[in-house]
Each structure stands twice: as structure tokens, then as C-alpha cells.
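One line per chain: the protein sequences are P and C, in this order.
Position one of the first sequence corresponds to residue 53 (this note's numbering), numbered consecutively onward.
Position one of the second sequence corresponds to residue 5 (this note's numbering), numbered consecutively onward.
Okay, so here's the structure we're looking at.
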Amino acid sequence: MAEQPKREKTPRGGGNGLSRRDFLKGTGAAVSAGVLVTEDLLRAQTQRTSPVVGPGPVPVTLRINGQPRQLTVEPRTTLLDALRNHLDLTGAKKVCDRGTCGACTVLLDGRAIYACTMLAIDAARGQEITTIEGLAPQEQLHPVSAAFVEHDAQQCGFCTPGFVMAAVAYLRENPNPTYEQVTHALGGNLCRCGTYMGVRHAVVEAALRGKGGRS
Amino acid sequence: MAETPKPPAQATIEWPPAGRRRLIGQRISRLDGPAKASGRAKYSYDVNRPGMLHAKLVFSTQARARITAIDTSAAEKMPGVRAIHLILQPGAEVRWVGQEILALAADTEEQARDAARAVKISYEPLPHLVADVPPEQAGTERVQQLREQTEGDPDAGLQQADVIFEGEYGCAVITHCCLEAHGQVAEWNEDNLTVWASTQNVSGLAPQFAQGLQAAGIPVQASQVRVLTPVMGGGFGSKFAADTWGVACAALARKAGRPVKLMLERDHELLAAGSRPSMYARVRVGAKRDGTLTVWHSESWGTGGPSAAGTPNLPYVIGAGRNPVLPKRSRHTAVFTDIGPARAWRAPNHPQMCLITMCALDDLAAKLQMDPLDFFLKNLQYTERPEVYREELLKAADLIGWREKWRPREEALRAKGPVKRGLGLSLHTWGGRGHNSTCQVTIHPDGSVEVAIGSQDLGTGTRTVIGIVAAETLGLPLEAVTVKIGSNEYPPSGASGGSTTVGGVSSSTRDAATNALNQLLAKVAPALGVPAEQLEAREGRIQVKDDPSRNLSWKQACARLGTTPITASGQTQASLISSGVGGVQMAEVAVDVETGIVRVEKMVAVQDCGLIIDLKTAESQCYGAMIMGICYALYEEKIMDQLTGHCLNPDMEFYKLAGIGDIGELVVHMMTGPRYEERGVIGLGEPPVISPGAAISNAVANAIGVRVPYLPLTPDRVLAALEAKGGAV
Ligand code: FES
Ligand code: FES
């Protein structure tokens, strides 16, 4: 039958090329995987860079939306918590906090990642982080956001920033997707209100307008 | 909630007739869309206040136990910890894993989590039941038989039947899984409390906070509690109360003298913040050879956790009509379990009743060797609105291609290859009468307009509906109206549950805007030289009805107010609203009989809801409900482990929701126009979420020739049903 579409084409597990889903495939121990992923990232981090940091708060500089932002966080603080709790950038939402739902999607050097599966200290190596706040200047709407409004691709809207960011990243790489490709590409985001019909239309239309990827 | 509002003082207030509407019924984008799609909208979870602390809850790890000791000594000494609030005391009994025991607040989220982990709770375990078992296996102290319902002569009905079908059906406990977790930020300013709450009940929360805090020894009155919810991330019936965590959050903020944020973690959200009761039934249903139903018998049961979840009314839709009466006997037994409390879940009890009824009737039709479409058409006299359902059934059949595609069960199963296709249908109903709502409209001398209602927008489009009605009534573009909702400082309005909001707020807004406009017309009538009754507001002007060339622009008219704005209030108007809708859904599925995987290929929803205010958000409600329906039909189940008493899937990997690739092609058709619109506004949030489970289950039965009795229709259940029948072909 009915081959099940792959939920996700682009791994979003952070900067080590370790996607959460690849990781799950490897271990089959999904229940505690949230913690394990984090540890794995930490290990990867410490292998590449010494000295060891923490466990207390450490100063880090994140490049967010074109600006360097200094903050002090514990090494275990996720990028998502750093954004939301320390920098008041609350466009990325916390829903599952373990790489399942996509509500926390931001761009890391242009690639969509789940900000809840990456540590802030790992995102502080000069990578360019783009949050939804950085897509368009205040009072303006990015074309993908505008297409979401036009096609009512949102109800409560809590999943919406994640979908918008995933769509922006995808359209940059794939400016002319089909309806089916969009459906596959956004499989890493979940919506409870059931806005998928609008999302499909919005992303395809944003692509048709040829503005999808450029802000 | 659905009391009949007071009759209006003057002439009966009406909606503009079809030809005169400029905005009502159009496809209009939601007003808060740009704020949401740009990430600028601030949900309760996003509120960060200066000096704010983060709180975490410690909850029961036992399904049933007595708390023997609570040791917070280590937690108190942890870095950053500022306050601890006990919700339960030693000696108290806990009734589910996830029941809140205490809350604590610390400077950072990480510190709060560490401290919560350092709290030691000792328990004396008690026997628990978390398995979803029938009453005879639950033990007498855990069951309560609810009212038996008898109509007509059910024994005679059995005698008259030529064909009788007996079957068992049901659906598991599921959760609400709102993407914005339950919770709030609480901040005190002297003795006044502000709560940014993720709630469906802005106007009704303050008394609950006051009561809860008083019980915790903090004297505060409802008048001192301000509740703010400009946007919220989903409720679906689970967010009406202040809740233990709300009171705990405010108490912590009081103790610490700092604002506190307490949002539930995802596991807790799924364990304790709302679930939909299960329902199962053994059904006996009979009909004449020509398909006319003669009788319904059912023995049903289900669990809503520690308390009963109401008596279902079986059969559903078919058999609800009074003329003729379908003879029936139905009994329901509630089973009390330790799985956590149920909360209203979008259309409480309806999806379950619908599943049991529509599946049993579909199986009876199969036994009669009738096309279910013909069978249902034949029995519409047993419904409350035969004409509506007939029209909707034919429309839906047309949209899904029923007559061309439908095959009898056996034939579908003989199709080549492992993938079998099938069609199923279902009928549903809902009330949806507008709740009590009050509205205030202010027209300022500079022409600006404000509409204020103590309501909330759950994502249904409430804010936009209010704006559309006000703008339509005042003859202004939508952008000229500022809609203010999401605060209990605005005129009180009902909670958003049961599809009651759109009727309430649209009619109170129409009333208030009409009253405000009448004041304005009276003010400017002398300038236009006619009595106020001969004036109307259209296209940004106040003009003479018979001679539109005599007019004032809106701005000019408002300038005549001098320095005093007009304020007028309005309330829910019975003449503008109604209740009771019918809907039909049909599903086409593909089932792989080797893997057991079910895929929804296409679904059609045909729905009436009276006068539609915003067609775009109305259609979104239907699409969203169908998708939510696919979720509970195929994936969702709160899986409990009887041995440990724990929920096995309190996370979003294993508590499955449909993704964008799982929904197939969805088609929505709204019944509009004459005979529908004159009924006025009727709620739409619940009805389209009721039928998907039944329609999909019936489609699967049609595809594989055997009933998969329980939702969700997971591969293991599909394969087990095939196995019981003797395998696929
Ligand atoms: S919150 Fe990060 S994927 Fe769900
Ligand atoms: S719009 Fe509510 S979760 Fe997607």
C-alpha cells in the first residue's frame, strides 16, 4: 500500500549532523532518548573543544538574527531555553521539549533545527542563528508568514512559528516544490488544531510567488 | 450556559438580509493571523516578567497511595529556590500518577527542576485499577450503574425484526494534548493579582483563583484578580478552571514576592491535564428486511477516571427523533479508575456515542446486504432533522463519489493486491446555542471604534468574528474596528466551550454596535435634516436611506460628538441565534492487510451551522476537526500499565498525533443559503469532530470485510480483526 511518507527529509537534530530520528533508529531506546541525545551532543562538544565547561553557568555569545548576544547559561541549557528564558525571544515554542513536534524550529546557518535538542553552548561557535523574529522587520511580514495568514494555516497558532521556519528553510533549498514534496518536507512538525490543509496551500503558494526563501 | 437571553427592549434585532451583507459570510483572514505567523503573539507561556521565577510541580508517582511523608529539606537548600507550596499534606490520598503534591519556584527553570527532583515523597501504596476493563472485571466498589433509558416497546421491537445484529464497539481514553501546556504567569502588585492564564474562561477565572487562594490562607477577592489571555495555544475543553497549578503558582508568587511562571511539562500535561473518557458497548440492533429499524439495545460502559462522565444517550442521532420513536433500551455503567480525571473533550460524549451507533448500524446494513447510504437514508425518519440529513448525505455522496465507488464488503476484500479500499459514512449533531455574552462598543469623536468583550479566542476565530459583526453593523471596513478580548476587565462573556462562543459574541456585538450606531444617528440626524430612523451606515458614510447623496462621512459624523465618545452595551440576542445542527461525513480509506496500516485517502464533511460569519475560519474549524478526528480514529490512546499504574506514553513520540502526511485529501462543504441562514448563528467548533471515528471505522470495515471493534485502528488491531475472521481472503 500506501507507502508511508518519510516524516522528515532534513535532519534537525542540531549541529553535529546527528538527527534525533537517526539517533532513535540507532538505539531503539526512545523513552530516555531526550537525555541521551543531549549527552551525546555534549560528548561531541567536549571531544572537539577543551577545556570542559560548567557545571555552573558560563558566558556564551550567540549570533542571533545578525546580532551577537551575550548571556550566561548553564552548559545543560538548551538553545530553546536560552532563547525563551534568557533573551525573551519567544517565537520558538516549547511543546514536547524532546525533538518530536517542531514547534521550536529555528535556523542554524540556514538549516532548520529543533532548538530543544541543541545546547546553547553548542550553538555558540559562531553559527548564525535565525529565529522567527529575525525573518522580517517589525511591522512587516515575511512572504511565508503572509501566505500562512492568507490560507488560514493557523488556528491557535502555537505550532505556527515552527511551521513557518521549517517552510522557510525548505523553500530556500527547494524553491519549486510540489504539493506532495511539501507534505513530506513538513513531516517534522505537529499541529493539534489541524491546520495541515492550510499549511500545504500556504507553502506551495509562497513557493509559487518565488519569494519563499528570501527575506 | 444556554439560558435564553432577555428579549430586546425595542424592535427585534436582526441580521442584515443576504443581499445587504458586505462582510458577513465572506472568506476573511483572521485578525490575529499576522501576529501569530510572525511569532510576535505573546502566549501565556511567552510572558516574561522582570524578576520572574520559574516553578515546577512535584506530582504523584503512584496510581493510588497514601502520602506518608513529604521531605522538602534538601530542596529548600538547593541554589535559587525561593518558595515551596504544599498542595497536598502527608496523610492525603493520591488517585492518579500525575496528581499534584507540591510546587516550588526558583530563579531558573533548571534550578526549579533540580529542586523538584530533590523532594522526597513517601507513600503507602493502595490497590489501583488503571486497566480499561468492563464493569464485571472492575469490582463492585468501582462501578456505578447509571440511569436505564427505555423508549417504546423494545421487546416488541426485537420480535418485529427480520434481521438482528449483535456487536461490540468502543474507543480508548485519549488526551487533549494542547500544544500550549496548561499554566500561567502570576504576579502580585500589593494585594492585586494579575494572571496571564492559558484559559478558555477569561471572565470566569477570577472567582476560582480567589476561592483557591483563600483556601490556601491568602485572602484575596475576585475583584482583585485580573486575568489576561490575549491569545492561547489550544484548549479543546480542558482549560476552564484555575486548577491546582494556577492557585499554586499565585501562592508561590505571593510567598516569594516575585512573579512566577508555571507551565506544565509535557508528561504532566498528558498525565493529568485532561482526557476524554473511553466508551464501549454491546449492541443488539434489529431491522425489517427492507432496512427499517425496529429496535436498539445497548449495554455500555466506560471510564472517565475517578468520577462518572455523564450518561450517554444511545443510540445517537438515529433514534433521537420523536416521530416515530425507535424502541430502545440502553444502560450505561461508569467504571472508576485511577488514570487521572477526565475533562470536557470537544463535543463531550458525542464522538463515542456516534462511533457505537453508526458502526452498529453499518454492520446491520452489511448483514442486510444493503448499501449503508440507502440504509441510512431509509431510517432518517428516526432523526430530528430528516430533511437536513437527506440533503447532506446526498451532497457528501456526490463529493466522494459514493455511488461510483462503493462496493459490498466481500467484494472490496476480493480486490487484487494487499491494499483494500473502502468507504464509510456517519451522521452527527450538536446544539451550539450562544452563551450569555455582554459587549461594549465605543465610538470615539475621531471616528475610531473599540469593541470590548471578556471573551477569548482559542484559535477558532472569535476575535475576527467580533470585528466582522461590528464593522458590518457600523458600515465600516474591518480595519476600522479595534477588537479587545482576552481580559476580565472587559464586559463578562461565557466560557468558550460547547460551541457557544460564536452565537454569544456575534449577537452581543450586533446588539451593542446597533445601540451605539443608533446613538450616533440620533446625534447627526439634525445635520442631515431627517429623523434618525431614515438614516443608515454604509460604506463609511452615514446617509439618508432613500437618498444616499445626502450623507456625512463616518469621520464627519463622529466629529459631531464633540469631546464625549458614545458607549453602548449589548448582550446575547435570542433572535440572532439558534441551536441544533446536523452534519454528515464520509471517508475513503486504504488498508494494507499485510501490515494492518490504515490510510485515510479522502474525507468529506458536509456541515450546517446556520448563518456563517466568516467562511474562511468556519471551513478551518471543519478541516481541523476532521484532522483531530483522524488522530483519534487511527493513532491516539492513553496507554496505561496495570502493573505499575503508570501511563506508558506521556510524551509526543508515543502519544501519536497525525502529521501533515497522514491526512489524505479533505473536502469541506458548508450548507448555506436559504433555510439555513435564517436560523441565525449556531456554533461550529464541536460538530465536525464527532463523525470521523465512525466514518473511518466504517470505511475500514467496508475495505477489509470485518469490523475492527475499537479505536484507535492501529495495525495490531486491524491484523487481529483479520486474523479472527480467518485472515485476509
Ligand atoms: S519543542 Fe522542540 S521539537 Fe518539540
Ligand atoms: S494551530 Fe494550534 S497547534 Fe497548530
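Built from N, CA and C at the ideal position, the CB exists for glycine as well.
This one's a predicted model, so the numbers in the text were calculated from it and none came from an experiment.
Bridge partners - residue i, DSSP secondary structure assignment
{"i": "C:V147", "result": "C:V339"}
{"i": "C:I700", "result": "Its beta-bridge partners do not exist; DSSP assigns none."}
{"i": "P:H138", "result": "In the DSSP output, where bridge partners are listed per residue, P:H138 has none listed."}
{"i": "C:H89", "result": "C:A107"}
{"i": "C:K488", "result": "C:A456"}
{"i": "C:M675", "result": "C:D612"}
{"i": "C:H432", "result": "C:G587"}
Own chain residues within Cβ distance below 7 Å of residue i, not counting five before or after
{"i": "C:Q212", "result": "A245 and A246"}
{"i": "P:L135", "result": "L141, A144, A167 and T183"}
{"i": "C:L715", "result": "C175, A176, L359, Y636, A637, G697 and S701"}
{"i": "C:A563", "result": "P449"}
{"i": "C:A255", "result": "H89, L217, A220 and I222"}
{"i": "C:Y627", "result": "L670 and V672"}
{"i": "P:V251", "result": "A205, F215 and L238"}
Any non-hydrogen atom of ligand 2 within 7 Å of residue i CB
{"i": "P:F210", "result": "yes"}
{"i": "P:C153", "result": "no"}
{"i": "C:L268", "result": "no"}
{"i": "P:L238", "result": "no"}
{"i": "C:R679", "result": "no"}
{"i": "C:L183", "result": "yes"}
{"i": "P:Q206", "result": "yes"}
beta-carbon residue i near ligand 1 non-hydrogen atom, thresh 7 Å
{"i": "C:L556", "result": "no"}
{"i": "C:G663", "result": "no"}
{"i": "C:C562", "result": "no"}
{"i": "P:L132", "result": "yes"}
{"i": "P:D149", "result": "yes"}
{"i": "P:C168", "result": "yes"}
{"i": "P:K146", "result": "yes"}
{"i": "C:C358", "result": "no"}
{"i": "P:C156", "result": "yes"}
Same chain only: Cβ atoms within 6 Å of residue i, ignoring 5 sequence neighbours per side
{"i": "P:C245", "result": "Q207 and C208"}
{"i": "C:A541", "result": "L478, G479 and L521"}
8 Å Cβ cutoff, residue i in contact with chain P
{"i": "C:K420", "result": "no"}
{"i": "C:P38", "result": "yes"}
{"i": "C:V101", "result": "no"}
{"i": "C:I667", "result": "yes"}
{"i": "C:D50", "result": "yes"}
{"i": "C:G43", "result": "yes"}
{"i": "C:S33", "result": "yes"}
{"i": "C:C182", "result": "yes"}
{"i": "C:K10", "result": "Residue confidence is low: C:K10 scores 45 on pLDDT, short of 50, so the model does not pin down where it sits. Its coordinate-derived value is still stated next. With 8 Å as the cut-off, C:K10 does not count as an interface residue toward chain P."}
{"i": "C:A629", "result": "yes"}
{"i": "C:K409", "result": "no"}
{"i": "C:E640", "result": "no"}
Supposed contact pair residue j and residue i - C-beta distance, whole angstroms, cut 8 Å
{"i": "C:S430", "j": "C:A594", "result": "Incorrect: roughly 19 Å between the Cβ atoms, too far for contact."}
{"i": "C:V710", "j": "C:L726", "result": "6 Å"}
{"i": "C:P158", "j": "C:V299", "result": "6 Å"}
{"i": "C:S77", "j": "C:V98", "result": "Not a contact, Cβ separation roughly 21 Å."}
{"i": "P:V158", "j": "P:M217", "result": "6 Å"}
{"i": "C:A364", "j": "C:G171", "result": "6 Å"}
{"i": "C:N52", "j": "C:R230", "result": "Contact doesn't hold; Cβ gap of about 18 Å is too wide."}
{"i": "C:A516", "j": "C:Q444", "result": "6 Å"}
{"i": "C:G250", "j": "C:A201", "result": "7 Å"}
{"i": "P:L132", "j": "P:K146", "result": "6 Å"}
Below-8 Å beta-carbon distance, residue i vs any chain C residue
{"i": "P:G250", "result": "yes"}
{"i": "P:Q179", "result": "no"}
{"i": "P:P111", "result": "no"}
{"i": "P:A155", "result": "yes"}
{"i": "P:P120", "result": "no"}
{"i": "P:P229", "result": "no"}
Proximal residues to residue i (C-beta, below 8 Å), its chain only, five neighbours per side dropped
{"i": "C:G241", "result": "H180, Q204, G278, R347, A348, W349, R350, P352 and G501"}
{"i": "C:G734", "result": "Any answer about residue 734 of chain C is impossible in this case: the structure gives chain C only from 5 up to 733."}
{"i": "C:G84", "result": "A110, D111, T112, Q115, A116 and A119"}
Neighbouring residues, chain B, relative to residue i (Cβ below 8 Å)
{"i": "P:G143", "result": "Protein chains in the displayed structure are P and C, and chain B is not among them."}
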